[in-house]
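Numbering (this note's numbering), first residue to last: 17 to 888.
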């Protein structure tokens, strides 16, 4: 019966709070403030409810029996609230402002704690430790109150990120200080600055590391649960609680930071690791969880207010007013003093004055502060006077921030114009209204004719369109410069690109690893467009075609040690990425022609389209370079890509037939299984032949023509296969040893000291000059495409020539031709420089050592490999 009674009370409370959002909207009150009022009223009447009818009396009686402790707040509600807020945040936007966020979350908490502690201690009879603990409790801005108010008033995204990020992380700093001070108060020890600092750093950094590891572990487990949305969402709920409890109970670090970081990790990687259907359900599910937790924690905390304020005195009322004033002053010092100074360094970003005003006034406190104060009252070894003062001061302070700051925050944001669209956004909105209504006017007329609607009704509907169009200033667009229009259009197209990449993941055209890479590149492109407009876009697409750090590392290991498997995977990933980007770039051009041109006009749209066409040319060039070198591999990838598209279209077709009741649910499930079996082969990873088996390639090189099979086999053992990518500089010095190369396929350019460039093709050699004669001139070798090279080190070169006189004669013939060309060039140069002496060609000198380049891929993609021709 007791369990049923509690469930009845909880269900009744949920039914009550379900009506609070519309009531708060009609009263123009923040939702959190209305919850505090309802909870306060319930806290007053649950002790005197003998007058109530039977059902109401039982409901109030069940609420009175709820044992709401501080641990209930911290371990039941707080993980859900933190995880839900972190899950909805954009990690890239958070990292953009990580400097001011951490400064307000850490430094501001310490400053507020010290300011409240020393000021209250100076004017009251309470000890310094008690006052410092009060300062730590009231220093934390409540994520529940802050996030709720900002979402209701429609604050700008960046301002919301700044305040939400602060409210998420400053709980950790506050709880860390609170824990140390509680230990000092509980044990009667001495307050040590070093101990407080060490405890905070360990708790904060340790919590961040624990949250990151658990978030990454959960992201890996999502792959195993793909296709089971309920299981995937359940795992996120378990992750929030497990991360908080394990961090606090077993690791001794901040569970708040751990839960926040785990939520950020899942939010950034979940949409690619989870099944697409799950990620679409995840946000709505966690929004519901957050609403329950937000509502219940505020109501329960407010129900405690009458009990905690029962013994308040007028002296304590004055102290509460002093706490309120000191916290505002301390926060003003950080927001208006330290934050602008931080913006002048490379660790901070500039925050506008209007944003700083809202950040100062919007530091609301709520259930977290009340929970910490309640925890103090539960410590019976702490003196009663200290417990009673902290409970009263905290409760009074929280009420002041809610009913003064919270109620006035909406008006403040409106007065500063922060809930208004920017001039660019307003212009684009008005232009969108004009375009949409002109199109709808025609469609409405068509519907009226088809439905045989009377002319009077048509005229009244058309009058609505006319009045709306007349109220919109259609001349605003003309006031924008061409650069502004282009930047605006590029930002719209960049946002569309992110959505198209996510659509490819939902259609299972690419796997989660590829989608993760594509979405990260798309976000960087969007950031570049927002920061630099057209120039930022051009710089971003050039950077987008560069080889990734993983690719460069794989290439270096392959070049130095011959490791091939990692490089094979990176090449396959690059090929797939290029194909997806090419497909999306083509769709973006059509999107701009259809949607952007009516909004921004033909001139700006033309520039946007040309920029994307240039990007498409670069993508085509990069793809062609790989396709020419690996035609079988490229054909297989194209087949796999087309097969995945066909699979996605077939699945969509069956889904449409199900929605039209042409097939049953059982038939649809069976058809989906058949689809997966039919296209199972497109999920296999393609093989890329970069092994470049020397024994297979040596026989195809003209230099080794006519040699016996035994000689070819011995040569193959000495030659080391290497791959050079477009634009890569090829090393002539490997450690302390010089090297020569044979072009097995592809093309290499040699930049000679006279400023000319020589192209070497299949079967040609370079680098042998240093090994034969050591002629002192500089040359730089660069791969034109994906070139297969056979590398021969100096020691192996000497061994090879000593073993085979025929091969020595062929190599020396090529060398004599090049040396003769060098002599001709030097004779020409000596005539220009008063007959400078020729080098001693018989001396073995290390000349090609100066021609060494980076084994990493060049930052710029190279052109397609041209047809090889004779070097000299």
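C-beta atoms are modelled at their ideal positions from N, C-alpha and C, and glycine is treated no differently. Keep in mind it's a predicted model, so treat the numbers as computed, not measured.
Query: Counterpart residues of residue 799 in DSSP-defined beta bridges; Result: 764
Query: Beta-carbon contacts of residue 614 that lie in its chain and below 7 Å, excluding the five residues immediately before and after; Result: 451
Query: Alpha carbon of residue 583 to alpha carbon of residue 628, nearest angstrom; Result: 30 Å
Query: Check whether residue 245 and residue 297 have beta carbons under 8 Å apart; Result: yes
Query: Rounded C-alpha distance that separates residue 20 from residue 26; Result: 10 Å
Query: Exposed unless 16 or more other CB atoms sit within 10 angstroms - verdict on residue 663; Result: buried
Query: Own chain, CB closer than 6 Å to residue 456, minus 5 neighbours either side, in chain order; Result: none
Query: DSSP state of residue 684 mapped onto helix, strand, coil; Result: helix
Query: Helix, strand or coil at residue 749 according to DSSP, with G and I counted as helix; Result: strand
Query: Three-state secondary structure (DSSP) of residue 53; Result: helix
Query: The region 354-365 contacting the region 46-59, beta-carbon criterion three pairs below 8 Å; Result: no
Query: Sufficient close CB pairs (3 or more, under 8 Å) joining the region 266-286 to the region 221-231; Result: yes
Query: Assigned exposure category for residue 29 - 16 Cβ within 10 Å defines buried; Result: buried
Query: Same chain, Cβ closer than 6 Å to residue 107, neighbours up to 5 away in sequence not counted; Result: 280 and 284
Query: Contact check, residue 742 vs residue 800, beta carbons under 8 Å; Result: yes
Query: Residue 146 - DSSP class collapsed to helix/strand/coil; Result: helix
Query: Integer-rounded CB distance, given that residue 172 should sit under 8 Å from residue 434; Result: 6 Å
Query: Stretch pair the region 180-197 + the region 121-128: three plus CB contacts closer than 8 Å; Result: yes
Query: Cα-Cα separation between residue 128 and residue 432, rounded to whole angstroms; Result: 26 Å
Query: The region 309-320 in contact with the region 80-98 per 3-pair CB rule at 8 Å; Result: yes
Query: At least three beta-carbon pairs within less than 8 Å, the region 375-391 to the region 407-422; Result: yes
Query: Nearest-angstrom Cα separation, counted from residue 321 out to residue 374; Result: 27 Å
Query: Straight-line Cα distance separating residue 278 from residue 227; Result: 5 Å
Query: Burial state of residue 657 (16 or more Cβ within 10 Å); Result: buried
Query: Within 8 Å, strictly: CB atoms of residue 43 and residue 62; Result: no
Query: The region 594-603 touching the region 631-646, judged by at least three CB pairs closer than 8 Å; Result: yes
Query: Same chain, Cβ closer than 6 Å to residue 34, neighbours up to 5 away in sequence not counted; Result: none
Query: Sufficient close CB pairs (3 or more, under 8 Å) joining the region 637-655 to the region 531-544; Result: no
Query: Distance between residue 147 and residue 408 (C-alpha atoms, nearest Å); Result: 13 Å
Query: Range of the contiguous alpha helix (DSSP H) that encloses residue 417; Result: Here residue 417 belongs to no alpha helix (DSSP H), and DSSP marks it neither H nor E.
Query: Per-residue DSSP class, three states only, for residue 882; Result: Caution is warranted here: a pLDDT of 37 is assigned to residue 882, below 50, making its placement in the model unreliable, and no coordinate value can be reported.
Query: Per DSSP, cross-strand counterpart(s) of residue 782; Result: 757
Query: Residue 88 versus residue 444: straight-line alpha-carbon distance, rounded; Result: 48 Å
Query: Proximity to residue 402 [Cα-Cα], best of 150, 683, 196 and 212; Result: 150
Query: Where the alpha helix (DSSP H) containing residue 726 begins and where it ends; Result: 725-734
Query: Top-ranked residue by Cα proximity to residue 578, from 74, 602, 807 and 362; Result: 807
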